[in-house]
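Notes to accompany the following structure.
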């Protein structure tokens with residue numbers, strides 16, 4: 003299995019997605035998307051830190067959360083929940099496998115097309131009375147097997 007970071011839609015693709023949903027490409031939305039492209043998986047607090055560091059746009063963490071939630075509701079981003087129930091967002095809404103590191107509270111993507119194909123083929127044959135499966139998302143909850151050396 004290879005670990006990768008998906009880079010998400012380019013700024014131009016993001017603008018086109020906003021237009022399709024009749025939304026303006028405001029400086030705030032564009033700045034949040036740029037931060038998400040950098041981070042891949044992030045909470046509103048993490049995006050806020052990136053925007054504060056860059057200093058290009060002033061925006062509250064609550065407004066960042068609202069933008070991230072709106073993008074997730076439109077299917078542009080995806081919501082991810084940590085084991086502590088903290089909301090994270092993913093710049094790539096496609097089905098795949100994630101490792102969730104409980105000690106670092108971070109997500110990492112794992113590309114395994116063979117496993118995803120097997121899971122989708124198996125579950126694609128299954129019927130769940132009263133439900134329709136929209137997508138499959140696998141989250142493996144884990145922790146490091148060795149102690150990490152802190153950078154000083």
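In this note's numbering, the protein residues as written are 3 to 154. Here a beta-carbon is modelled for each residue, glycine too, at the ideal position from N, C-alpha and C.
Next item on the list: Work out the CA separation of residue 148 and residue 20 for me, nearest whole Å.
Entry: 43 Å
Notebook entry, point to check: Is it true that the segment 102-117 meets the segment 60-68, where meeting means three or more beta-carbon pairs spaced less than 8 Å apart?
Noted result: no
Next item on the list: From the DSSP output, in three-state form, read off residue 44 for me.
Entry: strand
Note to self: Buried or exposed for residue 96, going by 16 or more other Cβ atoms inside 10 Å?
What the structure shows: exposed
Notebook entry, point to check: Less than 7 Å separating the beta-carbons of residue 1 and residue 39?
Noted result: The chain is shown from 3 up to 154; residue 1 falls before or after that span and cannot be answered.
Check: Going by other Cβ atoms of all chains shown within 10 Å of its Cβ, with 16 needed for buried, is residue 142 buried or exposed?
Finding: exposed
Note to self: For a test of the three-state rule: what should DSSP assign to residue 25, helix, strand or coil?
What the structure shows: coil
Checklist line | Residue ranges of each alpha helix (DSSP H) within the segment 105-149, 4 or longer | finding: 115-127
Next item on the list: Please look up how many angstroms separate the CB atoms of residue 90 and residue 43, rounded, as I've assumed it's under 8 Å.
Entry: 5 Å
Note to self: Looking only at its chain, what residues have a beta carbon closer than 6 Å to the beta carbon of residue 102, apart from the 5 residues adjacent to it on each side?
What the structure shows: 109, 141, 143
Item checked: Closest Cα partner of residue 82 within the set 75, 92, 73 -> 92
Notebook entry, point to check: Excluding the five sequence neighbours on either side, which residues of its own chain have a C-beta within less than 8 Å of the C-beta of residue 138, listed in chain order?
Noted result: 97, 118, 121, 122, 125
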